[in-house]
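In what follows, a structure is listed as structure tokens, so that the remarks can point back to it.
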Amino acid sequence: MSYAQSSTLPVLTKSQNSILKNLTILGYLEGTSFLLLLGIAMPLKYMFGIPEAVKYIGMAHGVLFIAYILMLLFAASKIKMPLWALPAGVLGSFLPFGPFVFDHVLKKRLGWSRGNRNSARHDSPHASGKADTSG
Numbered sequence: 006m007s008y009a010q011s012s013t014l015p016v017l018t019k020s021q022n023s024i025l026k027n028l029t030i031l032g033y034l035e036g037t038s039f040l041l042l043l044g045i046a047m048p049l050k051y052m053f054g055i056p057e058a059v060k061y062i063g064m065a066h067g068v069l070f071i072a073y074i075l076m077l078l079f080a081a082s083k084i085k086m087p088l089w090a091l092p093a094g095v096l097g098s099f100l101p102f103g104p105f106v107f108d109h110v111l112k113k114r115l116g117w118s119r120g121n122r123n124s125a126r127h128d129s130p131h132a133s134g135k136a137d138t139s140g
């Protein structure tokens, strides 16, 4: 039995899968905006004297950061996450590539994959163990 099929994993509902997907999207956007801020906007400002790059990318990153933290709090209230998940998600948002690493580790621990195997195995008609006799 693989880790993703373990019976100790929480069963995620469609709503929880949607929340986790939205958290992933916001995490990727926030992480990407942080990398753009550090890798492009800051050098443009300090090496080439173009402060507008930091102004616009920084504003976008700030909005995405706040949205990510709020989504992380919302997800933690709706999904049974491990105790370490909320502080790790917040800490990860302050580190380059942090949201990407957090997303990967959280999904692995929750048994969530691109195909939503964790919930799909419980939502399928065969999950109850009864044979399909409809023909």
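End of the sequence shown = 140 in my numbering, gap-free, step of one.
Heads up, the beta-carbon is just placed ideally off N, CA and C, and yes, glycines get one too.
Note that this is a predicted model, so its numbers are computed, not measured.
Inter-residue spacing [alpha-carbon to alpha-carbon] between residue i and residue j
i: S23; j: F99; result: 24 Å
i: H109; j: G67; result: 23 Å
i: M76; j: I30; result: 10 Å
i: S38; j: F105; result: 12 Å
i: L91; j: L111; result: 10 Å
i: K85; j: F102; result: 24 Å
Opening and closing residue of the alpha helix (DSSP H) in which residue i lies
i: T37; result: 19-41
i: S82; result: 57-83
i: G116; result: Taken as a continuous stretch (DSSP letters only), G116 belongs to no alpha helix (DSSP H), as it is neither H nor E.
i: P48; result: 47-53
Residue of the options minimising C-alpha distance to residue i
i: L28; options: W89, I74, L40, R114; result: I74
i: F79; options: V16, L17, Q21; result: Q21
i: F70; options: G36, K26, P48; result: G36
i: M19; options: G32, V59, K83, K60; result: This sequence places Lys at residue 19; Met is not what is there. Among G32, V59, K83, K60, the Cα nearest to that of K19 is on K83.
i: G97; options: M52, L25, G32; result: G32
Residue i in three-state terms, based on DSSP
i: P87; result: coil
i: Y8; result: Reliability fails at Y8, whose pLDDT of 43 lies under 50, so the model's placement of it is uncertain and the value that follows must be treated cautiously. DSSP places Y8 in helix when its eight states are reduced to three.
Contact belief for residue i with residue j at Cβ below 8 Å, rounded distance in angstroms
i: I55; j: L41; result: Between L41 and I55 the Cβ distance is about 14 Å, and since that is not below 8 Å, they are no contact.
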